[in-house]
Amino acid sequence: MTENHDEHELIEWGRRLAQALQILDLDVAPRELLEIAERSAHAVTGSAGPITTFYVGYAAALAAQTGEKTPNEAVASAASVAAQLAEAGAEGGRAGSGWTDTAQ
């Protein structure tokens, strides 16, 4: 399979999956999700890739639910945070200003 064929297959799969899960107004480039999965897998461990994409999706859904961001903006924002965290690897640095810093 060529990269273009693979990308086409992933785009079609994403559309079918979004429709089956009744997700509206979401058009995410599979390449972005694969990139963050690969970066986290290399920085942490192979299994970090799927876990990272799940968390990115979950965080994006929560952010988009407020209406402050479009679904695509929410995905981009969550992916950016995950990419920054992956730069530090499994043990590196603080997780940032997430809820743990709010004493909740």
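full-length UniProt numbering applies: residue 1 is where the sequence shown begins, and numbers increase by one. Backbone N, C-alpha and C fix where the C-beta goes; we use that ideal spot for every residue, glycine too. It should be emphasised that the depicted structure is a prediction, and the values quoted were computed from it without experimental measurement.
If you measure from the beta carbon of T66 to each beta carbon in chain B, is any gap under 9 Å?
You won't find chain B in this structure, because it holds only one protein chain.
Out of A59, E7 and I51, which has the shortest C-alpha to C-alpha gap to A72?
According to the sequence as given, residue 72 is Asn; it is not Ala. For the residues A59, E7 and I51, the minimum Cα distance to N72 belongs to A59.
Less than 9 Å separating the beta-carbons of L21 and A79?
No, these two residues do not count as a Cβ contact at 9 Å.
Let me confirm a value: L85 is counted as buried when at least 16 other C-beta atoms fall within 10 Å, else exposed. Which label applies?
Buried, because 16 or more other Cβ atoms sit within 10 Å of the Cβ of L85.
Report the option in I23, R31 and T66 whose CA atom is closest to the CA atom of E3.
It is R31 whose Cα lies nearest to the Cα of E3.
Quick one, which of Q65, E87 and A82 has its alpha-carbon nearest L26's?
Nearest of Q65, E87 and A82 to L26, Cα basis: Q65.
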